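Engineer: This structure is in structure tokens; I'll ask about it shortly.
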Amino acid sequence: MSKPAAPHPTRFRTGALSPRKPTRFSYRPDADDRARLAAELDLLALHRLEMTGEFRPIGRDELVLEARLTARVDQPCSLTLVAVPASVAETVRRRYVAGLAPPGGDEIEMPEDDSIEPMPVEIDLAEVAAEALTLALPLYPRAPGADVGQVVHAGEGVTPLSDADLKPFSGLRDLAAELAQKGKSGSGTGE
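Each residue of the sequence shown is one higher than the one before, counting from 2 in our numbering.
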């Protein structure tokens, strides 16, 4: 028996989209797809993911995707690996332009508008949502109370450097206090 058709398509052929009016879409992956994406992104859980928006034609050779991406995830804390919940609500915008050559060569210059892409034959909403979610997630999530503390490294028999030792101006406060104290005690000597 074949798999039933998805209630909402996730892939759109750009040539089949209306050249005159917007085409609306709604992408909500099922639990299996969310679990697969959570594994790809090293998330502990992807509870909810939704992207709703539209493809809007601009002239004959341009197509704009504008959507709202919302998600609820659990990420591992970057220090303790405990689950850190996060909510994402982002606007997604991509501009597809026909005839735009994909960048090639060893050196690539970043365009001013980073939403412009070459017009593909097909746009996969799952890929667009995954990319947008990846960019929107916090890079180094921290659980409440998670602290780096002081990291100390030293060889055997060597006095380890502390964070204060690595700050060149850390002793100025003590020196200023010492000079102020000497100034107070030495002011009545009649020099």
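No residue lacks a Cβ here, since even glycine has one placed at the ideal position from N, Cα and C.
Keep in mind that this is a model prediction, so the values were computed, not measured.
1. What number of angstroms, rounded off, separates the C-alpha of E51 from the C-alpha of R35?
2. Just mark L66 as buried or exposed, buried being the case when its beta carbon has 16 or more other beta carbons within 10 Å.
3. Apply the 10 Å Cβ neighbour rule to L44 and answer buried if 16 or more other Cβ atoms are within range, or exposed otherwise.
4. Would you identify the three-state DSSP class for M2, choosing helix, strand or coil?
5. Name, in chain order, the residues that DSSP records as bridge partners for E179.
6. If we count Cβ pairs, one from each stretch, closer than 8 Å, do we get three or more for the region 124-135 versus the region 69-88?
7. Alpha carbon to alpha carbon, how far is L82 from A178?
8. Measure the C-alpha to C-alpha separation of S116 and V129 and round it to an integer number of angstroms.
9. What is the C-beta distance between V98 and P121, in whole angstroms, given that I count them as a contact (C-beta under 8 Å)?
10. Quick check: the Cα distance between S3 and G150, rounded to an integer number of angstroms?
11. Need the endpoints of the beta strand (DSSP E) that L136 sits in, please.
12. Determine the contact status of E55 and P23, defining contact as a CB-CB distance below 9 Å.
13. From R29 to E157, what distance separates their C-alpha atoms?
14. Got a sec? Which residues, its chain only, sit under 7 Å from A147 by beta carbon, not counting five neighbours each side?
15. Look at the Cβ atom of Q76, then the Cβ atom of A90, and state whether they are nearer than 9 Å.
Structural biologist: According to the structure data:
1. One C-alpha to the other measures close to 10 Å.
2. buried
3. L44 counts as buried, since at least 16 other C-beta atoms from the protein chains shown sit within 10 angstroms of its C-beta.
4. Its pLDDT being 45, under 50, M2 is placed unreliably in this model, and the coordinates cannot settle the point.
5. Bridge partners of E179: none, in fact.
6. yes
7. 43 Å
8. 12 Å
9. At roughly 11 Å, the Cβ-Cβ gap does not stay under 8 Å, so V98 and P121 are not in contact.
10. Bear in mind that a pLDDT of 47 at S3, under 50, signals an unreliable position, so the model cannot answer this.
11. No beta strand (DSSP E) contains L136, which is instead part of the alpha helix (DSSP H) from L126 to A137.
12. yes
13. 57 Å
14. C78, L80 and T81
15. no
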